[in-house]
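Colleague:
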Amino acid sequence: MNTHKADVIIVGAGLSGLYTALLINPSRRVMLLVKSALGESNSNLAQGGIAAELNQEKQLIEAHIDDTIKAGSHLNDPEAVRVLVNEAHDNIRTLLSLGVAFDTDEHGTMRTTREGGHRSPRVLHSGGDQTGKDMINALHRAVKTRSNIVVHEKTTAIDLLVDDGRVHGLSALDADHDVHIYYAPHTVLATGGIGAVYAASTNSPVATGDGIAMALRAGVTVEKMAFIQFHPTAFFNPKQPEGQRFLISEAVRGEGAVLRNIEGEAFMKKYHPDADLAPRDVVSQAIHREMYDTWCDHVTLDTRHLDTATLKSRFPSIHQALKNQGITLGEDLIPVAPVQHFTIGGIKTDLNGQTDMPGLYALGECASTGAHGANRLASNSLLECVVFGRRIADTINRDEKQARNIAIDVDFPSSAPYNYAPLRKKLGMIMEEHAGIVRTAKGLTKAIEELEAMGKTLAKYPNRHPRYHEMVNMIDVAIAVVADALARPTSIGTHFRID
Ligand code: SIN
């Protein structure tokens, strides 16, 4: 067993993890643990952008707050929303100073776009539709210049070390499946969402809910797991209905694209006065209904009335990905369907990212800050990563605690090369069928029975292999989603009960 000591351990190197690490005082030793390689995260995939009202006029700030709360069906924590919106400006400045290059016009003014639920254009972007990738690349470069930040790649966090009601670090496995113990007075979970739990998702397959599952096992409060956001417009390829699906950014509708069912009807006006720019939950549920009514597994996104050259330069990666499928932006209808996209609930935190267990913080998709309510407003997620990341770093920077070794009771069996793929597939199917866009008590009850049975089988064959721990985590978080959905008989936001 190898042991390490740090002032701060951060698990996950998406926008949340990298940004927080960079804002920790350089005199502190930070260990950044990454399950795969640097760069594989959901942040990296974010196309649309980061919502931020840069004009500090009170009316405009209030409008962003109001749009966030309306999109969230008023289930948001109003204080968290105020923090999110009010602190956007300062954090955008920090991102610029860290080398993030947002797109600008010929006068050097940052370009903005609209997305669903935003009453005005306030979404900043980079590289057209490569906002996440550009941000992550810039922050990687910044991390490499900081000698106090040590990155441990291919390191899978397993469980939190809890003693005396406090988190003292965690256990982890390296690429050779050797056990490592990391001690620190501050542990930050920035492990992303749970997309891999569903058969199809826009998320990277590494999004297996690890941080949320670790928190659950340690008795830390996890909340609002029923609220899973389905993105309305993932590219639909009938030959590849499962796994990671390519996103057609909501910003394409922000630039004028229109949804049509397979009969050619532009249907969104029937569902919401803002039509194609309605909040995401409304659009996904409307598409689900249209697919059901037309006996079809997709609808289409129409950009044929828009200028091809403009679309190509505004959305270079979407253009390229569609071209690989024989589809041209501005010329062809694009087949799309909703898929799992974002985990709204998660590890409950206060306004400084602190969980209800001292020494433990959570941030980004694995956290529930209260800012998103029952449905996240488009492009508020990257904003949440930086606003609450700064607050976590500020809180840690004010604290002088030292790492403390505790007695470890970690018992890891041998690592047999079992194949968890069939179990993963079965889990995905259960979640799609029973915990998707529409839900019923009957389906959710069946799902929970099946998931618990899968969990019990898995527990009989413990294994010191990262894939085993991912599988355990996926089942734990899936049960949390289904149990919370079952406990909410009323539809609200992304949680749509049809019974
Ligand atoms: C998108 O570009 O449509 C996704 C951005 C987000 O999830 O907010």
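Residue numbers (our numbering): 24 to 522.
Ideal Cβ placement from N, Cα and C applies to all residues, glycine included.
(1) Would you list the residues whose beta-carbon is nearer than 5 angstroms to any heavy atom of the ligand SIN, in the order they occur in the chain?
(2) Indicate the three-state DSSP secondary structure (helix, strand or coil) for residue 351 in the structure shown.
(3) Taking just the CA atoms, how far does residue 121 sit from residue 467?
(4) Based on the DSSP output, what are the partners of residue 205 in its beta bridges?
(5) In this structure, how does DSSP classify residue 266 when only helix, strand and coil are distinguished?
(6) Determine the closest residue to residue 354 out of 458, 364, 342 and 362, with distance taken between C-alpha atoms.
(7) Throw me the rounded Cβ distance for the residue 288 and residue 391 pair, which I believe falls under 8 angstroms.
(8) Which residue marks the beginning of the beta strand (DSSP E) containing residue 370, and which one marks its end?
(9) Under 7 angstroms Cβ to Cβ from residue 215, same chain only, skipping five residues before and after it: list those, please.
(10) Confirm, please, whether the CB-CB distance from residue 426 to residue 207 is below 9 angstroms.
(11) So the candidates are 417, 505 and 407; which of them puts its Cα closest to the Cα of residue 455?
(12) From this set, 174, 439 and 136, which residue's C-alpha is nearest residue 9's C-alpha?
(13) Report the rounded CA-to-CA distance for residue 172 versus residue 155, giving the unit in angstroms.
(14) Please say whether residue 61 and residue 32 have beta carbons closer to each other than 9 angstroms?
(15) State the CB to CB distance for the pair residue 439 and residue 486, rounded to an integer number of angstroms; the pair is presumed to be in contact (CB under 8 angstroms).
(16) DSSP state of residue 374, grouped into three classes?
(17) Would you report the Cα separation of residue 228 and residue 494, rounded to the nearest angstrom?
(18) Under DSSP, the alpha helix (DSSP H) around residue 489 begins and ends at which residues?
(19) Do the CB positions of residue 281 and residue 328 come within less than 9 angstroms of each other?
(20) Among 48, 366 and 184, which one has its Cα closest to the Cα of residue 192?
(21) My assumption, with CB atoms under 8 angstroms, is that residue 522 sits in contact with residue 464. Please give the rounded CB distance.
(22) Using only CA atoms, which one of 490, 48 and 73 lies nearest to residue 124?
(23) Give every residue of the same chain whose Cβ lies closer than 8 angstroms to the Cβ of residue 134, excluding the five residues on either side of it in the sequence, and list them in chain order.
(24) Can you tell me the Cα-Cα spacing of residue 261 and residue 517, whole angstroms?
(25) Are the beta-carbon atoms of residue 107 and residue 406 separated by less than 9 angstroms?
(26) Looking only at its chain, what residues have a beta carbon closer than 6 angstroms to the beta carbon of residue 489, apart from the 5 residues adjacent to it on each side?
(27) Which whole-angstrom value is the C-beta distance of residue 362 and residue 480, which I expect to be below 8 angstroms?
(28) So, does the stretch 365 to 384 touch the stretch 307 to 327, judging by three or more C-beta pairs under 8 angstroms?
(29) Quick one: what's got a C-beta closer than 7 angstroms to residue 313's C-beta in the same chain, skipping five residues either side?
Modeller: This is what the structure holds:
(1) Screening all residues for a C-beta within a distance smaller than 5 angstroms of any heavy atom in the ligand SIN leaves 70, 71, 272, 273, 401 and 402, in chain order.
(2) Note: residue 351 maps to coil in three-state DSSP.
(3) The C-alpha of residue 467 lies about 45 angstroms from the C-alpha of residue 121.
(4) Under DSSP, residue 205 takes part in a beta bridge, and its partners are 27 and 193.
(5) The three-state reading of DSSP puts residue 266 in strand, counting E and B together.
(6) Ranking 458, 364, 342 and 362 by Cα distance to residue 354 puts 342 first.
(7) Contact between residue 288 and residue 391 does not hold, since their C-beta atoms are separated by about 38 angstroms, which reaches or exceeds 8 angstroms.
(8) If you look at residue 370, you'll find it in the beta strand (DSSP E) that goes 369 to 371.
(9) Same-chain partners within the cutoff: 35, 37, 64, 65, 230, 387, 388 and 389.
(10) Yes, the Cβ-Cβ distance between residue 207 and residue 426 is below 9 angstroms.
(11) Distance from the Cα of residue 455 is smallest, within the candidate group 417, 505 and 407, for 505.
(12) Missing from the structure shown is residue 9; the chain here goes from 24 to 522 and no further.
(13) Note on geometry: alpha-carbon atoms of residue 172 and residue 155 lie some 21 angstroms from one another.
(14) In this structure, residue 61 does not lie closer than 9 angstroms to residue 32 by Cβ.
(15) 6 angstroms between Cβ atoms; contact.
(16) Three-state DSSP puts residue 374 in coil, outside helix and strand.
(17) Cα to Cα, the separation comes out at about 12 angstroms.
(18) Residue 489 -> alpha helix (DSSP H) spans 489 to 509.
(19) Cβ atoms of residue 281 and residue 328: closer than 9 angstroms.
(20) When only C-alpha atoms are compared, the closest one is 184.
(21) With a Cβ gap of about 6 angstroms, residue 522 and residue 464 count as contacting.
(22) The closest CA to that of residue 124, considering only 490, 48 and 73, is found on 73.
(23) 125, 126, 127, 128, 147 and 148.
(24) Roughly 25 angstroms between the two C-alpha positions.
(25) Cβ atoms of residue 107 and residue 406: closer than 9 angstroms.
(26) Apart from sequence neighbours up to five positions away, the residues of its chain that approach residue 489 with a beta-carbon distance below 6 angstroms are 179 and 196, ordered along the chain.
(27) Between residue 362 and residue 480 the beta-carbon gap is near 27 angstroms, outside 8 angstroms, which marks them as no contact.
(28) These segments do not touch.
(29) Result list for residue 313: 284, 290 and 322, in chain order.
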